[in-house]
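Okay, structure first, notes after.
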Amino acid sequence: YLCRYSGEFIDKTIAWNRLSDEEKLQHRKKIRKHIEQYDQRETAKAIRQLIEKIGTER
Numbered sequence: 012y013l014c015r016y017s018g019e020f021i022d023k024t025i026a027w028n029r030l031s032d033e034e035k036l037q038h039r040k041k042i043r044k045h046i047e048q049y050d051q052r053e054t055a056k057a058i059r060q061l062i063e064k065i066g067t068e069r
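Going letter by letter, the sequence shown gives residues 12 to 69 in our numbering.
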């Protein structure tokens, strides 16, 4: 779940809207960096699993 309590999404939306444009940009960059790191790990995991599968088929 994205929210721990029923009004958390609303609270986060209000807090986000109070940020300056510069703060929003900084947060977006951090979020993008986090997502890219996650994607890299998942891609590396998929490649490793493929290599292991190929290795066991021989």
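Think of the CB as a built atom: it goes at the ideal place given N, C-alpha and C, for glycine as much as any other residue.
| query | Where does G18 fall in DSSP's three states? | reply | Taking the first residue of the sequence shown as 1, we reach residue 18 at position 7. DSSP places G18 in coil when its eight states are reduced to three.
| If you draw a straight line from the C-alpha of G66 to the C-alpha of K56, how long is it? | Here the question's residue 66 lines up with position 55 in the sequence shown. Here the question's residue 56 lines up with position 45 in the sequence shown. So the two alpha carbons sit approximately 15 Å from each other.
| request: Specify the secondary structure class of L36 as computed by DSSP and reduced to three states. | output: By 1-based counting over the sequence shown, the position of residue 36 is 25. Helix, per DSSP.
| query | Which same chain residues, not among the five before or five after C14, have their C-beta less than 7 Å away from its C-beta? | reply | Taking the sequence shown and counting its residues from 1, the one referred to as residue 14 is at position 3. Closer than 7 Å at Cβ, skipping near neighbours: F20.
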